[in-house]
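S.K.: In our numbering, the protein residues as written are 70 to 193. There's a structure below that I have some questions on.
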Amino acid sequence: MLISVMAFTSCDSNGKYKSSYNAVGCVHSNLPKSSSLKFSSFSGVIPFELKVKEGTGKLTYSGELGKGSATVYYDADGTKKELFSVDAGGSQKGEITDLKEGTVYVIVETNEKCSNGKFEFKIK
């Protein structure tokens with residue numbers, strides 16, 4: 070039996086917030102209205118950039134972890150604020166309303182190696 074494990078390290082220099090992480094089994098996407106992160110193992114920081122097109126918008130979010138702890142921040146007005154935190158075996162869900170037209174950054178940060186995580190963010 071052959072088992073293959075891949076580890077990735079990324080340092081992105083585009084955008085306002087920088088990514089720097091080590092991950093195994095990591096899948097992430099970043100579209101203007103939705104972003105997601107799912108991993109077997111992750112440690113570090115990964116930012117997402119979402120767009121509120123016209124008028125006001127709502128950010129819905131969810132996050133869960135099997136092991137470790139993570140804090141998720143957002144920046145919709147030039148100030149980085151805590152959105153939520155999640156610990157081992159926990160999950161969080163919620164929303165922020167009345168976001169103004171423009172860019173919304175969502176930043177997932179860990180202080181330790183985390184496993185079996187899933188995070189989703191959507192602009193409506």
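Think of the CB as a built atom: it goes at the ideal place given N, C-alpha and C, for glycine as much as any other residue. As the structure is a prediction and not an experimental result, all values here were calculated from the model.
(1) Ignoring anything shorter than 3 residues or poking outside the segment 122-179, list the beta strand (DSSP E) runs there in chain order.
(2) Who are Lys191's beta bridge partners in DSSP?
(3) Are Ser110 and Ser184 close, meaning C-beta to C-beta below 7 Å?
(4) Using a Cβ-Cβ cutoff of less than 8 Å, which residues in the same chain neighbour Glu170 once the five nearest sequence positions on both sides are dropped?
(5) Please classify Pro101 as buried or exposed, where buried requires at least 16 neighbouring CB atoms within 10 angstroms.
M.R.: On the basis of the coordinates in this document:
(1) At a cut-off of 3 residues, the continuous stretches assigned as beta strand (DSSP E) that sit fully inside the segment 122-179 are 138-144, 150-156, 160-179.
(2) Taking the first residue of the sequence shown as 1, we reach residue 191 at position 122. The partner list for Lys191 (beta bridge, DSSP) reads Ser103, Thr129.
(3) As a first step, residue 110 is located in the sequence shown; it is residue number 41 there, counting from the start. As a first step, residue 184 is located in the sequence shown; it is residue number 115 there, counting from the start. Between Ser110 and Ser184, the CB-CB gap stays under 7 Å.
(4) Taking the first residue of the sequence shown as position 1, residue 170 is located at position 101. Hits under 8 Å: Val121, Lys122, Glu123, Gly124, Thr125, Gly126.
(5) Position 32 of the sequence shown, counting from 1, holds the residue named residue 101. Pro101 counts as exposed, since fewer than 16 other beta carbons sit within 10 angstroms of its beta carbon.
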